[in-house]
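Enquirer: Chains as they are written, first to last, in the working numbering: chain V, 6 to 259; chain D, 6 to 259. Here a beta-carbon is modelled for each residue, glycine too, at the ideal position from N, C-alpha and C.
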């Protein structure tokens, strides 16, 4: 499995991805699922991947034009004029990679699937965030739903739904995401640190250095340990259920 | 879908079940998923069901012996000598109901499946809690995992893992469960109030009246509204991520 989240902020974009891959439960590895392209002052693109690792690595290699010699590469993702066209290019590449095994007699549906999150900004346009499906179509984050999750999305969702706010600072959002990732890691063995974090400040057109947060990172350990206590305090702050009182709309049944 | 949780406490047992059933997304209904049997002073049995409604209703009717006239009924679940034998009886009944359509040319696997949680106490034995699989086998809650969830288990799990404690009072546990159910309701349309709650005090051999908590219950509304704020306060109580500081085990990548 995998867990990746991309969040729109007033200040820009935050992307976080775990690095665990697994084939069954007894064959786990660490692979990067966060990829970036940029032309300083002109465009920044960030991609996160969930699904079949052969598929997602192939998509990234094709976008990078790694089929060509190093000095002949001019990735078209660095030439498309808008984020929408970038999303189309990535989606088409993904669909092509998934379709290929099917033409050679292998069952491609399901097994070779992948889902991607693409975010970034290209000069002349706003910051945009897309969720790209294996079918090659995609949706864009908007005001009502300003974030996307892929992979094992359920355990970490309630805290995002409750506490995320577009006005948050980068520092608070990384904390929020670590809580969301930690809840997921505690419940699903196929999601694990290190986590890759990529921040992008709207209008900067500058790719910040990526951060990698390891399992033994003191801050992550402090959040992981502190969150249990903070939750208990939060629960204590709410009134207990009153067994003696009759609740409106309640009925007693024997 | 469905969401049911059964929790062992030092004081006894707590069971909570939602009441929404759905066939597709445009055909929803309200049905009870919590069933009880008791012989005052001798035994209390509580059953929660998730899965195909025809299957689970059939299991409950068979356990109730509703195939017989009312005055001829002596449900064997009221005669078995131990909780283990009660779990075997329920599991055998479930397996039989699921297997039946298969013998008549219908595909029984998957479609007609159901999973059950059985808890209670029979004189001479301790309080026990079982998770019963559609295959007709079952597992028992123990010290390491003193609770079971069935149905849509993921959204509501992190809060249970973090905040649940066997020493809790019934009043606190109902609050905790309402938070867990509320997180699930907010994320999955096929889980919804009213919620049925059943408390059992160890050694009492007395079935308490069941509580039903409706969507408009003022306490549930207070918990649902207060939890968002409480979570934000909890998050604020943890230190923000320091973007300037180099984190141990972190590396920067371009």
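1) In terms of alpha-carbon separation, which member of V:99, V:73, V:132 lies closest to residue 87 of chain V?
2) Which chain D residues are close to residue 232 of chain V, counting only those with a beta carbon under 8 Å from its beta carbon?
3) Counting only beta-carbon atoms, is residue 176 of chain V nearer than 8 Å to chain D?
4) Over the uninterrupted alpha helix (DSSP H) stretch that includes residue 200 of chain D, give me the two end residues.
5) Any C-beta of chain V sitting closer than 8 Å to the C-beta of residue 164 of chain D?
6) Does the distance from the C-beta atom of residue 151 of chain D to that of residue 13 of chain D stay below 8 Å?
7) Assuming residue 8 of chain D and residue 124 of chain D make a contact with CB atoms under 8 Å, what is their CB distance in whole Å?
8) Check whether chain D comes within 8 Å of residue 228 of chain V, counting only Cβ atoms and requiring the distance to be less than that.
9) Please identify the residue among V:217, V:244, V:144, V:224 whose C-alpha is closest to the C-alpha of residue 40 of chain V.
10) Expressed to the nearest angstrom, what Euclidean distance is found between the alpha-carbon atoms of residue 178 of chain V and residue 220 of chain D?
11) With a cut-off of 8 Å, does the C-beta of residue 128 of chain D fall near any C-beta of chain V?
12) Just verifying my parser: in three-state terms, what is the DSSP assignment at residue 192 of chain D?
13) With distances taken between CB atoms, is the gap from residue 10 of chain D to residue 154 of chain D smaller than 8 Å?
14) Quick check on DSSP: helix, strand or coil for residue 132 of chain D?
15) What is the rounded straight-line gap between the Cα of residue 134 of chain D and the Cα of residue 120 of chain D?
16) Is the Cβ-Cβ distance between residue 204 of chain V and residue 19 of chain V less than 8 Å?
17) Mind pulling the beta strand (DSSP E) runs of 3 or more residues that sit fully within the stretch 204–233 of chain D?
18) Between which two residues does the beta strand (DSSP E) holding residue 26 of chain D run?
19) Does any residue of chain D have a CB that is nearer than 8 Å to the CB of residue 184 of chain V?
20) Whole angstroms is fine: what's the gap from residue 257 of chain V's alpha carbon to residue 238 of chain V's?
21) State yes or no: is the beta carbon of residue 179 of chain D nearer than 8 Å to at least one beta carbon in chain V?
22) Taking only three categories from DSSP, how would you classify residue 268 of chain V?
23) Just curious, the beta strand (DSSP E) that residue 48 of chain D is in, first and last residue?
24) Straight-line CA distance for residue 174 of chain D to residue 101 of chain V?
25) Any beta-carbon of chain V closer than 8 Å to the one on residue 192 of chain D?
26) So, are the CB atoms of residue 210 of chain V and residue 16 of chain V less than 8 Å apart?
27) Taking the alpha carbon of residue 122 of chain V as the point to measure from, which residue in V:148, V:92, V:197 has its own alpha carbon closest?
28) At a CB-CB cut-off below 9 Å, which residues of chain C make contact with residue 209 of chain V?
29) Against chain D, with Cβ distances strictly below 8 Å, would residue 38 of chain V count as a contact?
30) When you compare the stretch 22–30 of chain D with the stretch 194–202 of chain D, are there three or more beta-carbon pairs, one atom per stretch, that lie closer than 8 Å?
31) From residue 75 of chain D to residue 42 of chain D, what distance separates their C-alpha atoms?
32) Within the 8 Å Cβ cut-off, does residue 236 of chain V reach chain D?
33) Please state whether DSSP places residue 243 of chain V in a helix, a strand or coil.
34) Run through the stretch 167–192 of chain V for me and flag every whole alpha helix (DSSP H) of 4 or more residues, listed as ranges in chain order.
35) Which residues in chain V sit within 7 Å of residue 248 of chain D, going by Cβ to Cβ distance?
36) Going by the CB atoms, is the gap between residue 81 of chain D and residue 99 of chain D shorter than 8 Å?
Expert: If we stick to the structure as given:
1) V:132
2) Going along chain D in sequence order, the residues near residue 232 of chain V (Cβ under 8 Å) are 167, 239, 243.
3) yes
4) Note, residue 200 of chain D: premise wrong, no alpha helix (DSSP H); beta strand (DSSP E) at 200–206.
5) yes
6) yes
7) With a Cβ gap of about 16 Å, residue 8 of chain D and residue 124 of chain D do not count as contacting.
8) It does; some Cβ of chain D falls within 8 Å.
9) V:217
10) Looking at the two C-alpha atoms, the distance is approximately 32 Å.
11) no
12) helix
13) yes
14) coil
15) 14 Å
16) yes
17) Within the stretch 204–233 of chain D, the complete beta strand (DSSP E) segments at least 3 residues long are 216–218, listed from N- to C-terminus.
18) 25–27
19) yes
20) Only weak support is given to the placement of residue 257 of chain V: the predicted model assigns it a pLDDT of 44, under 50, and the question is left unresolved by the model.
21) yes
22) A question about residue 268 of chain V goes unanswered here, because the residues of chain V that appear run from 6 up to 259.
23) 48–56
24) 57 Å
25) yes
26) no
27) V:92
28) The structure shown has no chain C; the protein chains it does contain are V and D.
29) no
30) yes
31) 15 Å
32) yes
33) Note: residue 243 of chain V maps to coil in three-state DSSP.
34) 175–192
35) 175, 176
36) It is not a contact, given that the beta carbons lie outside the stated cut-off.
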